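Colleague: Numbering (our numbering), first residue to last: -19 to 158.
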């Protein structure tokens, strides 16, 4: 498709380099910054930079108000969000809870597939599952592929090419050509 000048939609993949765990980090952890620098209003949110994190221990080291602090990860927060934030330099949303800090999520600085419109997205995963109750469709210009729950698959395009490096089977009770 790219060779014909058409745009594709996919989720941009990010190779995340391995990061040291919190225990292996060289910098000592400082006391939280003074109240004037890093104390949000009661229940308020703040933005912080991620220095390192431990996915299994669900802990993070953050740069906040000029000092490094430790924070716990919110139970709903996936560590993969932090890996992406660290690789991209995105800030995190943190909140003071009791005597400690909790990381709530990342501030997105790029379009989110399915929510924002972007120039290009690449989905890169070990497995991708798309589940639709009634119909799933992919369309680009005049070409489309539609999968319907009743067991129908429809492909519409000016030219359709199917290639196989081995056997190419066409199986059906009735096969109609033109």
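From the three backbone atoms N, C-alpha and C, an ideal C-beta is built for every residue, glycine too. Note that the coordinates shown come from a computational prediction; the quantities given were computed from them, not determined experimentally.
Please name the residue, chosen from 68, 102, 34, 78, that lies closest to residue 57 on a Cα-to-Cα basis.
Modeller: The option with the nearest alpha carbon to residue 57 is 34.
Colleague: Which stretch, first to last residue, makes up the alpha helix (DSSP H) that contains residue 60?
Modeller: Residues 59 to 68.
Colleague: Give the single residue among 32, 124, 149, 146 whose Cα lies nearest to the Cα of residue 140.
Modeller: Here the closest residue by C-alpha is 124.
Colleague: For residue 107, count the other beta carbons within 10 Å of its own beta carbon; 16 or more makes it buried, fewer makes it exposed. Which is it?
Modeller: Residue 107 comes out exposed.
Colleague: From the DSSP secondary-structure annotation, give me the bridge partner or partners of residue 92.
Modeller: BP columns for residue 92 are empty, so no partner.
Colleague: Can you tell me where the beta strand (DSSP E) holding residue 120 begins and where it ends?
Modeller: 115 to 120 is the span of the beta strand (DSSP E), which, as asked, contains residue 120.
Colleague: What does the alpha-carbon distance come out to for the pair residue 101 and residue 93?
Modeller: Roughly 7 Å separates the two Cα atoms.
Colleague: Can you list, in chain order, the residues of its chain with a C-beta nearer than 6 Å to that of residue 181? Leave out the 5 residues immediately preceding and following it.
Modeller: Given a span of -19 to 158 for the chain in the structure shown, any question on residue 181 remains unanswerable.
Colleague: Express the C-alpha separation of residue 74 and residue 161 in angstroms, rounding to a whole number.
Modeller: Outside the displayed span of the chain (-19 to 158) sits residue 161, for which this structure offers no information.
Colleague: With distances taken from CA atoms, which of 114, 156, 105 is nearest residue 60?
Modeller: It is 105.
Colleague: Mind checking residue 48: buried by the 16 CB within 10 Å criterion, or exposed?
Modeller: Classification for residue 48: buried.
Colleague: Between residue 16 and residue 113, what straight-line distance do the alpha-carbon atoms span, to the nearest angstrom?
Modeller: Since pLDDT at residue 16 reaches only 48, below the 50 mark, its modelled position is unreliable, and the value read off the structure follows with that caveat. In a straight line, the C-alpha of residue 16 is about 53 Å away from that of residue 113.
Colleague: Following the continuous beta strand (DSSP E) through residue 130, name the residue where it begins and the one where it ends.
Modeller: Premise fails: residue 130 is in no beta strand (DSSP E) and is neither H nor E.
Colleague: If you run the structure through DSSP and keep just helix, strand and coil, what is residue 54?
Modeller: Of the three classes helix, strand and coil, the one that applies to residue 54 here is coil, per DSSP.
Colleague: Please report how far the alpha carbon of residue 151 lies from the alpha carbon of residue 136, in whole angstroms.
Modeller: Their backbone Cα atoms lie some 20 Å apart in a straight line.
Colleague: Considering only DSSP beta bridges, list what residue 37 is partnered with.
Modeller: Partner(s): none; residue 37 has no beta bridge.
Colleague: Consult DSSP for residue 30 and reduce its assignment to one of helix, strand or coil.
Modeller: If DSSP states are grouped into helix, strand and coil, residue 30 belongs with the strands.
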